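Everything on this sheet refers to the single structure shown next.
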Amino acid sequence: MAKTIRSETHPDVTGFAAVNRDVLKLLGKPGRGYFVLLAVAVAGVGIGLLAWGNQIVTGFGMSGLGSPVGWGVYITTFVFWVGIAHSGTLISAVLYLFRARWRQSIYRTAEAMTVFAVMTAGLFPIIHVGRPWLAYYLLPYPNQRGIWPNFRSPLLWDVFAVSTYFTVSATFFLLGMIPDIAAARDATTVPWRKKLYTALAFGWRGTEREWRHFTKAYLYLAALATPLVLSVHSVVSWDFAMSIVPGWHTTIFAPYFVAGAIFSGLAMVITLVIPLRKVFGLEAYFTPRHFDAMAKLVLVTSMIVFYAYLTEFFMAWYSFETPERAIFWNRITGDYWWATWIMLTCNGIIPMLLWSPKIRRNIPALFTITIFINIGMWFERFVIIVTSLAHEYEPWQWRNYAPSPTELILLAFSFCWFFMWFLLFIRLLPAVSVAELKEVLPPPLRFRRREARPGDGAEAPARRARAGEE
Amino acid sequence: MAHHASHSELPLARLHRLPTALRAASPALIGLGGIGLVAAVLLDPDRGWRAYLVNWLFFMSVAQGALLLAAVVSITKGLWSRPIRRFALSFVGFLPIAYLAMVPLFIAADHIFPWIAAPIPGKDAWLNVPFLTARNLILFGILVALDLAFAYYALRPDLGLIRDQVPASLRDFYQRLTGQWLGQEAEELRSHRRLLVLGPALVVAYALAMGLIAWDFVMSLEPHWFSTLIGPYFFMGAFLGGVMATALLTLLYRDQLELEHWILPSTLHDLGKLGFGFTVFWGYLFFSQYIVIWYGLLPIEQAFVIHRFTEPFKYVAQAVGLLLFVIPFFGLLGVVTKRRPRLLATLASTSLVGLYLERYLLVYPSLWIGTERLPIGWQEPAIALFFAGLLLLALGWFAHRFPLMQLWQPPSEIELQGVERELAPDEAVPER
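Protein chains in written order, with my numbering: chain H, 1 to 470; chain P, 1 to 432.
Set out below in C-alpha cells:
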C-alpha cells in the first residue's frame, strides 16, 4: 500500500481540503455556459406559462383530450415526473439503510432531483383539471359547502401520497444539508448568501452533541422515508388499477410502477450527473465505480419492469378475457404500435447492454442508454394511459388521441421548469455532500499514518468482534 | 494473498457436536412421515397428493429462498453476511431432493389439477399435463442446476484449503470435488469470476422458475382465476421463508457449535432487519394484490379471495395474517428482539409456521370449494414430517462435509474491506 492512504471509492480525492475546495467551487462564479442554459430554461418556463394561460382563457379544448381519452400527455407527464422523483429517496434512504457506501457523492444531487421532480409533477394535475382555481377542492377540510372529497377515490389518495412524499423528501433534503450549508455559510462573503445560509444552517456549530442528534435524526428519517419509496408510486399506480379499464386493472401494477419509477429515476440521475461532473471537473468525486453501481441498479429494475411487461402479455392471453386480450394485442399491433415498441425497446432491450461491465463504466455509452431509458419510461406511461382509454369495452367508443401543440409545449415546459430549479440549486447549495464525503476519506492525523499491516483484509471477523460488543 | 493467515482461527465446524438425538431425528422423521405419506395416498389419493403438494411447496420455497439469500449477499458484497452466508448455502442439499420430489406431482396430476377432469375450452393449450410437466421440469431443473453450480464454486476454494485437514473418511470426497486444482489463488479468482456470472443467473432463474411454479401449482388450481402479481407474491414469500429459516439455522448452529465469537449480536441484528424488511414487503405485496381485486369487484377475480376469506378457511387466513405479518412485524420492530437469540428464534419460527399456513391457503381452498369442514387432519403434518426429515438429512449431509463458515474471500470483498478499514482505522475507532 502506498504511503498516502487513498479512499477506495474516491482514489483521486486527495484530502479534506480538496473536498471543501472542489465542492464549494460549485457555488462560485459560473461560466457563461451556465447562464445560457439557465436562460433557455427560464424562457421555456415563460413560454409554458403563456401556453397554460392560453389554455385557461381559451378553454380546455386547447388540449387534445376528450372522450374517451380523457387522460393524455398531462397525466403521462405527471406520472413520469413522480417516477423520476423516486431515485432520490432510494439512494439517500434505502441505500443508507443498506450501508451501501458508494451513495455518498451521488445522493445530494439525487435528493435535489427528487424535490424538484415532485414540484414538477405536482403542477400537472393542476394543469389537467382545467380550472386550476378550483384545485383546492381536492383538500379535505370541513367547509361551508359541506362537501368532502370522495375518500374512496384513488385520486384523493394521490393527493395525500404525493404531498407526504414532498414533505418528507424536502425535510430529508434540507436536514441532510445542514452541516454543509454551515460550511458554506462560514466560507461565503456575499451578504445575501450569508443570510440564506445562516437561515438554512439553523445555527449549526458542529459540536459533538449536534452531530449525535443529526445522525439520529437522519437515521430515523431514512427509516420513515423508505416505506414512502414503495407507497407513493403504488398509490399512483392505483389511480389506474382501481378502475376496471382493460390494461389498467391488474394486480402487478403497484410493484411494477415502483420498479419502473426507480428505474427511470436512476437513469435520470445518471443523465444529470454526467454533464455536471464534466462541467465542474468533479471526475474525482463521481467515479466510474459510482456509475457502475448505479447502472447495476438500473439493470435490475429494468429486468423487473420487463418481467412485468411479459407477465401482463402472458396473463392477457391466459385469462381468455376478450377485452384484456384485445387491448394487449392492440398495444403491439394497433395504431399505437410504435409507442409500445419504443417502450419495449428502450426499457427492456437496450438496458440489457448494461450486463457488460465495460459499458457500465463507459460514460458516453451510459449517457446514451439513460437518455433512451428516459424516453422509454415516458412512453411507457403514454402506452398504459392512452392505448387503454382509446380502446375500452365498447367498439363504437373507440377513438384515437393525438396530443395538441399546447400539450407538447407544456411537456417541454416541465423539463425547463425542472432544469431551472436544478440549475439554481447547483449554484446555491452544495450539490455534493461535503460532510459525508469526508467520512469515506482517510482523516488527516496528527501523527504519521501507520503502514497497513499484511493480513488486515482477513481481520474483519476479529475486528467485528471488537466493534460488535458495543 | 495475505488473508490466508487467519484461516486457522476460523472454526472448521462440523456437526459432530450436535446431540445424537438430532442426528437420529432425520431417519426417524423420514420413516414416520413416509408411512404417513403412503397411508395418506392410499386411503384418499386426492387428499394425500394435495397435502403432498402443500408440503412440497413450503419446503421447496424455504430452501430455494435461502439459496437466493446466499446468492444475493454474494452479488451485493454484503460483508455483514460473511459469518452466516454458508448457513444459507447449506440448504442447497435439499434442492435436488425437491426436484425429484416434484416428479410425483405430475404422475398424480389427476388428483391435484381440477382442469384435467373439467378442461377449460381454449386454455388447454397451456393447461395440459405434458406441457405442464415439460416446462416445470426444464425451468426448475435449470434453477436447481444453477443452485448446485453456485454452491460448488462458493465452496471449492475452501475445499482446497482444508483438504489436508479433513478426516480420512472424507478424503476421497474432497479429492473428487477438488479435481484439477489450479492452486489456491487461481482457484479463488476463478470461483470469484464464476460466481459473478452464476449469482445473477440464479436470481433471474429464480424469478422465472418460481414464478412459473406459482402459475402452475397455485393459480391454475382455480383455472378461471388469474393475477399478474401471483408470481412475485409467491417467490418473495419464499424468500422471506429463506431468510427466516437461515436465521433459525444460524441460531441453532451458533448455540450448538459455540460460534458466539463469530456470530455477534450485530450479525443477528442484521438478519433480523432483513427478516423485518421482507415481512413488510410480503405485507405490501399481499395488500397490493388484495386491494386491486377488492376494489375492482369483478366476480372472476374475487372468487379466489372469497374462497379464502369465508368459512371454513377464513380462520387459516386470520392465522396467516397474525403469524406471518402482525407478530413478526411488531416483534422485529425493536432492537432487542433482533439481538436476543431466543427471541429472534421464536419470531423466525412464528413466521415459518405462518408461511406454511400461507402455502396451505394458496392451495387448499381452490380444491375444496364449498366445503364446510376445514380439511386439516393427520395427513398434512405427517407429510410435513417426511419433508422435514429430508430437509434435516440434507442440512446434516452438508454440515458434516463442508466448513460451515466461508474461509476464502472474493477479491471484490477484500477491496470493500479496504474501504471499511479506512473508514474506521484503528486510530480513529473510539474506545467504548
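From the three backbone atoms N, C-alpha and C, an ideal C-beta is built for every residue, glycine too. This one's a predicted model, so the numbers in the text were calculated from it and none came from an experiment.
Contacts of L230 (chain H) in chain P (Cβ-Cβ under 7 Å): The answer, in chain order, is Y284.
Which value, in whole angstroms, describes the spacing of the CA atoms of L410 (chain H) and G31 (chain H)? In this structure, the CA atom of L410 (chain H) is about 29 Å from the CA atom of G31 (chain H).
Relative to the alpha-carbon of I230 (chain P), which residue among P:S288, P:L274, P:L268, P:L249 has its alpha-carbon at the smallest distance? Considering only alpha carbons, the answer is P:S288.
Just to confirm, is the Cβ distance from I244 (chain H) to G296 (chain P) under 8 Å? Taking 8 Å as the Cβ cut-off, I244 (chain H) and G296 (chain P) qualify as a contacting pair.
Would you kindly work out how many angstroms separate the C-alpha atoms of S412 (chain P) and P403 (chain P), rounded to a whole number? Between the alpha carbons of S412 (chain P) and P403 (chain P) lies a gap of roughly 21 Å.
Can you name, in chain order, every residue of its own chain whose Cβ lies under 8 Å from the Cβ of I373 (chain H), other than the five neighbours on each side? The residues F263, S264, A267, V298, S302, C346, N347, I350, P351, in chain order, have a CB closer than 8 Å to that of I373 (chain H) in the same chain once the five nearest residues on each side in sequence are set aside.
Nearest residue (CA-CA) to G260 (chain H), options H:T58, H:W341, H:W378: Out of H:T58, H:W341, H:W378, H:W378 has the C-alpha closest to the C-alpha of G260 (chain H).
Using a beta-carbon distance below 8 Å, is A18 (chain H) in contact with chain P? Answer no: the Cβ-Cβ gap between A18 (chain H) and chain P never drops below 8 Å.
Quick check on S366 (chain P): buried or exposed, where buried means 16 or more other Cβ atoms within 10 Å of its Cβ? With a threshold of 16 other beta carbon atoms within 10 Å, S366 (chain P) meets it and is buried.
Would you check if the distance between the CB atom of S414 (chain H) and the CB atom of T77 (chain H) is smaller than 8 Å? By the CB criterion at 8 Å, S414 (chain H) and T77 (chain H) fall inside the cutoff.
What are the boundary residues of the alpha helix (DSSP H) that includes M405 (chain P)? It is not in any alpha helix (DSSP H) - M405 (chain P) carries neither H nor E in the DSSP assignment.
Against chain H, which members of the stretch 130-141 of chain P pass a CB distance test of less than 8 Å? Residues of the stretch 130-141 of chain P whose Cβ lies closer than 8 Å to any Cβ of chain H: none.
Short CB-CB distance (under 8 Å) between H249 (chain H) and chain P: Answer yes: the Cβ-Cβ gap between H249 (chain H) and chain P drops below 8 Å somewhere.
Can you give me the start and stop residues for the alpha helix (DSSP H) that K273 (chain P) sits inside? Taken as a continuous stretch (DSSP letters only), the alpha helix (DSSP H) holding K273 (chain P) covers 265-296.
State buried or exposed for I127 (chain H), treating a residue as buried only when at least 16 other CB atoms are found within 10 Å of its CB. By the neighbour-count definition (other C-beta atoms within 10 Å, threshold 16), I127 (chain H) is a buried residue.
Would you say F328 (chain H) reaches chain P, if we count a Cβ-Cβ gap shorter than 8 Å as a contact? Contact of F328 (chain H) with chain P is not assigned, every C-beta pair being separated by 8 Å or more.
Excluding the 5 residues preceding and the 5 following L271 (chain P) in the sequence, name in chain order all residues of the same chain whose CB lies nearer than 8 Å to its CB. So the list reads I84, V243, T246, A247, T250, K338, L344, once near-sequence residues are dropped.
Once the 5 residues before and after E188 (chain P) are set aside, which same chain residues still bring their CB inside 6 Å of it? Cβ within range, chain order: P157, W408.
Smallest Cα separation from F309 (chain P): which of P:I327, P:G141, P:F329, P:I369? Minimum Cα distance to F309 (chain P) is reached at P:I369.
Name the residue from H:D22, H:F16, H:L26 whose alpha carbon lies nearest to the alpha carbon of L429 (chain H). Minimum Cα distance to L429 (chain H) is reached at H:L26.
DSSP state of I218 (chain P) mapped onto helix, strand, coil: Note that residue 218 (chain P) corresponds to Val in the displayed sequence, not to Ile. Three-state DSSP puts V218 (chain P) in coil, outside helix and strand.
Please report whether the beta-carbon of Q64 (chain P) lies at a distance below 8 Å from any beta-carbon of chain H. Residue-level contact by beta carbon fails for Q64 (chain P) and chain H, as no gap is shorter than 8 Å.
Considering just the uninterrupted stretch of the alpha helix (DSSP H) at W329 (chain H), what are its terminal residues? Segment 322-333, the alpha helix (DSSP H) holding W329 (chain H).
Can you name, in chain order, every residue of its own chain whose Cβ lies under 6 Å from the Cβ of T340 (chain H), other than the five neighbours on each side? These residues qualify, in order along the chain: R331, I332, V383.
Cutting at 8 Å between CB atoms, please list the residues of its own chain near W248 (chain H), excluding the five before and the five after it. If the five residues before and after W248 (chain H) are omitted, its C-beta is found closer than 8 Å to the C-beta atoms of F240, A241, I384, S388, all from its own chain and listed in chain order.
Under 8 Å, Cβ to Cβ, is there at least one residue of chain H near P232 (chain P)? For P232 (chain P), the closest Cβ of chain H is nearer than 8 Å.
Note down, in chain order, every chain H residue with its Cβ under 9 Å from the Cβ of S227 (chain P). Within 9 Å Cβ-Cβ: T250, T251, I252, M315.
Under 8 Å between C-beta atoms of A284 (chain H) and N20 (chain H): Taking 8 Å as the Cβ cut-off, A284 (chain H) and N20 (chain H) do not qualify as a contacting pair.
Should V386 (chain H) go down as buried or exposed, given a rule of 16 or more other Cβ atoms within 10 Å for buried? Buried, since its Cβ has 16 or more Cβ neighbours within 10 Å.
Within 10 angstroms of the Cβ of K438 (chain H), are there 16 or more other Cβ atoms? Answer buried if so, exposed if not. Looking at its Cβ environment, which holds 16 or more other Cβ atoms inside 10 Å, K438 (chain H) is buried.
Suppose only complete runs of 3+ residues qualify. What are the beta strand (DSSP E) ranges in the stretch 149-221 of chain P, listed by chain order? Here no run is fully enclosed.
Backbone CA spacing between T167 (chain H) and A93 (chain H) [nearest angstrom]: Distance between the alpha carbons of T167 (chain H) and A93 (chain H) is about 15 Å.
Using only CA atoms, which one of H:G206, H:L441, H:W417, H:S433 lies nearest to L38 (chain H)? A check of alpha carbon separations from L38 (chain H) across H:G206, H:L441, H:W417, H:S433 identifies H:W417 as the nearest.
Measure the Cβ-Cβ separation of P381 (chain P) and Y364 (chain P) and say whether it is below 8 Å. No; because the gap between Cβ atoms is not below 8 Å, this pair is not in contact.
For a minimum of 4 consecutive residues, which ranges assigned as the alpha helix (DSSP H) are wholly contained in the stretch 64-134 of chain H? Scanning the stretch 64-134 of chain H for uninterrupted alpha helix (DSSP H) segments of 4 residues or longer gives 73-84, 86-89, 107-128, listed from N- to C-terminal end.
If you draw a straight line from the alpha carbon of G15 (chain H) to that of G53 (chain H), how long is it in whole angstroms? Take the alpha-carbon of G15 (chain H) and the one of G53 (chain H): they are about 52 Å apart.
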